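Using my numbering, count along the sequence shown one by one with no gaps and you end on 125. Even glycine gets a Cβ: it sits at the ideal position worked out from N, Cα and C. Computed from a predicted structure; not experimentally measured. Notes for the one structure printed next.
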Amino acid sequence: MSYIPKDIRNRIHLQAKNRCGYCQSQQRLIPIPFEVEHIHPTGKGGTDDESNLWLSCRLCNAFKGMQTDWTDLVTGDLVTLFNPRDQVWLDHFQWDASGTQINGKTAVGRATIQALQLNHQLHLEPRRLWVSVGWHPPHDE
């Protein structure tokens, strides 16, 4: 595990608006601290440079692991996974009408949903509760 200085961690939390870059869960709603993850894993040549770091909930980071690409089931193309630092979430994803499931708008979005299991039951249960009390999805997108 890499050591990321506290000032960089704090800056990333602010840049990410204290949200997971993938599932958009808010840190204030999750009792487990979010992780500063390596977008391109160090095991695959990624660095600890701030440009390769972003905020991720533990579930998304665990599902992502060492993955950097995935096959889009619609096109059959192997695509690079969503990069929350360099790409805009709304360009690749949208919430369904219920606000609980994430739909992919692009090959990158669809592949990332599959690879990181963004609609896994462990994501859906809390989202339903958050939607019912008006805490989700984030409204400032």
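Nearest to residue i by alpha carbon, out of the options?
| i | options | result |
| --- | --- | --- |
| lysine 11 | Thr84, Leu39, His22 and His76 | Per the sequence shown, residue 11 should be read as glutamine rather than lysine. Of the candidates Thr84, Leu39, His22 and His76, the one whose C-alpha sits nearest the C-alpha of glutamine 11 is Leu39. |
| arginine 3 | Phe18, Pro(-11) and Trp114 | Phe18 |
| aspartate 70 | Gly49, Tyr6, Gln51 and Pro(-11) | Tyr6 |
| glycine 49 | Ser35, Pro68, Thr31 and Thr26 | Thr26 |
| aspartate 75 | Asn87, Tyr(-13) and Ala81 | Asn87 |
| asparagine 103 | Arg(-7), Gln8, Gly30 and Trp54 | Gln8 |
| glutamate 34 | Pro(-11), Leu113 and Trp119 | Pro(-11) |
Would the beta-carbon of residue i fall within 8 Å of that of residue j?
| i | j | result |
| --- | --- | --- |
| arginine -5 | isoleucine 16 | no |
| isoleucine 132 | leucine 37 | Nothing can be reported for residue 132, as the shown portion of the chain is limited to -15 through 125. |
| lysine 89 | glutamine 101 | no |
| valine 58 | alanine 91 | yes |
| threonine 84 | valine 117 | no |
For the alpha helix (DSSP H) that contains residue i, what are its first and last residues?
| i | result |
| --- | --- |
| phenylalanine 77 | From DSSP, phenylalanine 77 is part of no alpha helix (DSSP H) but of the beta strand (DSSP E) over 77 to 79. |
| aspartate -6 | For clarity, residue -6 is asparagine in the given sequence; the question names aspartate instead. Per DSSP, asparagine -6 belongs to the alpha helix (DSSP H) from -10 to -1. |
| asparagine 45 | 42 to 48 |
Consult DSSP for residue i and reduce its assignment to one of helix, strand or coil.
| i | result |
| --- | --- |
| histidine 120 | coil |
| valine 20 | strand |
| valine 63 | strand |
Note the first and the last residue of the continuous beta strand (DSSP E) segment covering residue i.
| i | result |
| --- | --- |
| threonine 55 | 53 to 55 |
Please report the Cβ distance between residue i and residue j, rounded to the nearest whole angstrom; I am assuming they are in contact, meaning their Cβ atoms lie under 8 Å.
| i | j | result |
| --- | --- | --- |
| arginine 94 | aspartate 56 | 5 Å |
| aspartate 32 | serine -14 | 5 Å |
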